[in-house]
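Numbering (UniProt numbering), first residue to last: 1 to 125.
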């Protein structure tokens, strides 16, 4: 079964949100907006119609960041993750809550962690 994707989010783990905001604004012209949701503070901006960039406080070591998150256009995250697991794909994080939706992490053939996300308004299966 083919899955329909509707965008990509690139997430950076950073030590200092203010320093990150200043750097990307000064050097790349990105205008981040600061959000505080569900006890988490993060930065977010769009760099195209279907590409978001986010920054969260976290471990910035290579291998932990950046993370690539594909949006599931029609939902169905539970079935998608079940199909991955049935195909022998390593599930790193089972379907879990995220701001305004659900996400899951899995490994690609080279061991990179890849994520999928769907808004809470879409069906889970």
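Ideal Cβ positions, reconstructed from N, Cα and C, are used throughout, including at glycine.
query = In chain order, what residues of the same chain have a beta carbon less than 7 Å from the beta carbon of residue 93, not counting five sequence neighbours either side?
reply = Looking up residue 93 in the chain shown gives position 93. So the qualifying residues of the chain are 104, 105.
ask   = Does the Cβ-Cβ distance between residue 70 and residue 116 come in under 8 Å?
value = Counting from one through the chain shown, the residue named residue 70 turns up at place 70. Counting from one through the chain shown, the residue named residue 116 turns up at place 116. Their beta carbons are under 8 Å apart, which means residue 70 touches residue 116 by this criterion.
key: Nearest neighbour of residue 37, chosen from 123, 61, 98, 27 [CA to CA]   = Counting from 1 along the chain shown, the entry for residue 37 is found at position 37. Here the closest residue by C-alpha is 98.
request  = Could you check the C-alpha separation between residue 80 and residue 3 for me, to the nearest Å?
outcome  = Numbered from its first residue, the chain shown carries residue 80 at position 80. Numbered from its first residue, the chain shown carries residue 3 at position 3. So the two alpha carbons sit approximately 8 Å from each other.
key: Reduced DSSP secondary structure (H/G/I, E/B, other) of residue 4   = Counting from 1 along the chain shown, the entry for residue 4 is found at position 4. Of the three classes helix, strand and coil, the one that applies to residue 4 here is coil, per DSSP.
ask   = Quick one: what's got a C-beta closer than 6 Å to residue 64's C-beta in the same chain, skipping five residues either side?
value = What you label residue 64 is simply residue 64 of the chain shown in a count that begins at 1. Closer than 6 Å at Cβ, skipping near neighbours: 13.
query = By Cβ distance, which residues of its chain are closer than 8 Å to residue 59, with the 5 residues on each side in sequence left out?
reply = Counting from one through the chain shown, the residue named residue 59 turns up at place 59. Only 13, 65 meet the Cβ criterion.
task = Could you check if residue 26 is buried or exposed, using at least 16 other CB atoms within 10 Å of its CB as the buried criterion?
result = Here residue 26 corresponds to residue number 26 of the chain shown, with the count starting at 1. By the neighbour-count rule (16 or more Cβ atoms within 10 Å), residue 26 is not buried but exposed.
Counted within 10 angstroms of its Cβ, other Cβ atoms place residue 72 as buried (16 or more) or exposed = Numbered from its first residue, the chain shown carries residue 72 at position 72. By the neighbour-count rule (16 or more Cβ atoms within 10 Å), residue 72 is buried.
key: Proximity winner among 96, 7, 84, 77, relative to residue 49 (alpha-carbon distances)   = Translated into positions along the chain shown, residue 49 becomes position 49. Residue 49 has its Cα closest to that of 7, out of 96, 7, 84, 77.
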